[in-house]
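Here this note's numbering = 1-based position in the sequence shown + 234. Glycine included, each C-beta is placed from N, C-alpha and C at the ideal position. Heads up, the thing below is written out as structure tokens.
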Amino acid sequence: MHGRIRTWGPGALVLLPTVLLLGYFVYGLIAWTFNTSLTDRHTARKGSADYVGFENYTNLFHEDRFLNSLKNLGVLTVLFIVGTLIFGLVWALLLEKGVTGEGVFRSIFLFPMAISMIASGVVWGWLLNPSQGDDARGLNRLFELLQLHFLENAWWTAGSRWTTMASIALPAVWQLSGYIMALFLAGFRGIPPELREAARVDGASEFKLYRHVLFPQLSPIALSALIILGHMSLKLFDLIYAITGPNQFRTEVPSILMWNTLLRGDQAKAAAIAIVMLAVVAVLVIPYVAYTVRQETNE
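Rendered as structure tokens:
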């Protein structure tokens, strides 16, 4: 018994502070949020709260504003994931082929990731200023000076849901494409050169080499990138807030709606929105974790 304590005791003591902090600040607060979402605490002045079960969730999914935010989030997620994966893969392919000054290009592609979302949102909010004509600012002003009037755009203030959310997805794609590029580039560099040589000896063209040999090797990285981007798309609060502000219905997503609801003191409804977002993240992350554990077990 004493031998076992000596074996795992020091390690348990080292991990204990982390376990306690995670237990309180992560899982404890998640439990508190879920508990609040089951109450009727719809005003900050309310004292004791009564439990109403899943009534708040039922009301959410019958509310047009919440459904609109979910649709906006779905469109934003698709545009963000597709755009980031395409640009990240293209940049990785260009660098993987070998270019002069690769380190400089890598730094340029990765630089946006070092900028905070708020700072990026402020800059892109100016670039995507919807004013046109003599009052044009940002990109519209540049198009005005270049006499490219057909490119002037109302950006996120007009058009369909897809064009509106594309204006929000653009800064996010710019900021995170470098990260996906780094993932794919690391994947390319990790492929044994013997596979390339064997494929070329067998007469494979460059297209077939990538299609049948290299790209299949990147499947785990592509899956990881997909999960990471899907998870990050749910947290694009600060970028949207900085570009359009908190009260723009056309670009409102659940995180913005949750913030506005919390500011009104409706804690129960805000907590319900937070739990719905957590459930969406769990749907994305848990299958990936299960797949990773299964792969490691098989290996």
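Below 8 Å, can you find three or more Cβ-Cβ pairs linking the stretch 405–422 to the stretch 458–474?
Three or more Cβ pairs drawn from the stretch 405–422 and the stretch 458–474 lie within less than 8 Å of each other, which places the two stretches in contact.
Just to confirm, is the Cβ distance from A504 to M492 under 9 Å?
Here residue 504 corresponds to residue number 270 of the sequence shown, with the count starting at 1. Here residue 492 corresponds to residue number 258 of the sequence shown, with the count starting at 1. Taking 9 Å as the Cβ cut-off, A504 and M492 qualify as a contacting pair.
Along the chain, where does the alpha helix (DSSP H) that runs through D298 open and close?
Sequence index remark: in the sequence shown, residue 298 carries index 64 (1-based). From DSSP, the alpha helix (DSSP H) with D298 extends over 298–330.
Quick check on the burial criterion: 16 or more other C-beta atoms within 10 angstroms. Buried or exposed for T531?
Position 297 of the sequence shown, counted from the first residue, corresponds to residue 531. Taking all protein chains shown into account, T531 has fewer than 16 neighbouring C-beta atoms within 10 Å of its C-beta and is therefore exposed.
Around the C-beta of P488, are 16 or more other C-beta atoms found within 10 angstroms, so that it is buried, or is it exposed?
Counting from 1 along the sequence shown, the entry for residue 488 is found at position 254. With 16 or more other Cβ atoms within 10 Å, it is buried.
Just to confirm the assignment, what range does the alpha helix (DSSP H) spanning A503 have?
On the sequence shown, residue 503 is found 269 positions in, with the first residue counted as 1. According to the sequence shown, residue 503 is Lys rather than Ala. Its alpha helix (DSSP H) spans residues 501–532.
Name the one or two DSSP bridge partners that T273 has.
Taking the first residue of the sequence shown as 1, we reach residue 273 at position 39. In DSSP, T273 forms a bridge with Y285.
How would you label Q501, buried or exposed, when you count the other beta carbons within 10 angstroms and need 16 or more for buried?
Position 267 of the sequence shown, counted from the first residue, corresponds to residue 501. Result: buried.
Measuring alpha carbon to alpha carbon, tell me which of L410, L382, Y285, V527 ends up nearest I342.
As a position in the sequence shown, residue 342 is number 108, starting the count at 1. Here the closest residue by C-alpha is L410.
Check whether the Cβ atoms of D274 and Y291 sit closer than 9 Å, and answer yes or no.
For the purposes of this step, residue 274 is taken as the residue at position 40 of the sequence shown. For the purposes of this step, residue 291 is taken as the residue at position 57 of the sequence shown. Not a contact, by the Cβ cut-off of 9 Å.
Inter-residue CB distance, L362 and W389 (contact presumed, cutoff 8 Å)
Against the sequence shown, residue 362 aligns to sequence position 128. Against the sequence shown, residue 389 aligns to sequence position 155. L362 to W389, Cβ: 4 Å. Contact.
Span of the alpha helix (DSSP H) holding N494?
Counted from its first residue, the sequence shown places residue 494 at position 260. Start and end: 488–497.
Please look up how many angstroms separate the CB atoms of T391 and P364, rounded, as I've assumed it's under 8 Å.
Position 157 of the sequence shown, counting from 1, holds the residue named residue 391. Position 130 of the sequence shown, counting from 1, holds the residue named residue 364. Going by Cβ atoms, the distance from T391 to P364 rounds to 4 Å, so yes, they are a contact pair.
State whether the stretch 295–307 contacts the stretch 376–388, with contact taken as three or more CB pairs (one from each stretch) at a distance under 8 Å.
Too few Cβ pairs lie closer than 8 Å, so no.
Inter-residue Cα distance where the pair is H276 and L385:
Taking the sequence shown and counting its residues from 1, one reaches residue 276 at position 42. Taking the sequence shown and counting its residues from 1, one reaches residue 385 at position 151. For H276 and L385, the distance between alpha carbons rounds to 46 Å.
Flag this pair as touching only if the stretch 520–527 and the stretch 327–344 have three or more C-beta atom pairs under 8 Å; answer yes or no.
No: the two stretches stay apart, fewer than three of their Cβ pairs being nearer than 8 Å.
Below 8 Å, how does it come out for the stretch 345–354 and the stretch 433–442: are there three or more Cβ pairs, yes or no?
The count of Cβ pairs closer than 8 Å, one atom from the stretch 345–354 and one from the stretch 433–442, stays below three, leaving the stretches out of contact.
Apart from the five residues just before and just after V333, which ones in its own chain have a Cβ nearer than 8 Å to its Cβ?
The sequence position of residue 333 within the sequence shown is 99, counting from 1. Within its own chain, the residues whose Cβ lies closer than 8 Å to the Cβ of V333, once the five positions on either side in sequence are excluded, are F339, listed in chain order.
Do you know whose CA, among V527, I490, L419, lies nearest N302's CA?
The sequence position of residue 302 within the sequence shown is 68, counting from 1. Taking only the C-alpha atoms, the option nearest N302 is I490.
What are the complete alpha helix (DSSP H) segments, minimum 4 residues, inside the stretch 374–457?
Qualifying alpha helix (DSSP H) stretches, in chain order: 395–423, 427–435.
Is the beta carbon of M399 closer than 9 Å to that of L313?
Walking along the sequence shown from the start, residue 313 turns up at place 79. Walking along the sequence shown from the start, residue 399 turns up at place 165. A contact, by the Cβ cut-off of 9 Å.
What's the C-alpha gap between L289 and L457?
Here residue 289 refers to the residue found at position 55 when the sequence shown is read from its first residue. Here residue 457 refers to the residue found at position 223 when the sequence shown is read from its first residue. In the sequence as displayed, the identity of residue 289 is Glu instead of Leu. So the alpha carbons of these two residues sit roughly 36 Å apart.
Identity of the residue in A283, L249, F418 nearest K331 by Cα:
Locating residue 331 in the sequence shown gives position 97, counting from the first residue. When A283, L249, F418 are compared, the shortest CA-CA separation from K331 is found for F418.
If you draw a straight line from the alpha carbon of P244 to that of A326, how long is it in whole angstroms?
For this step, residue 244 is matched to residue 10 along the sequence shown. For this step, residue 326 is matched to residue 92 along the sequence shown. The straight-line gap from Cα to Cα measures roughly 44 Å.
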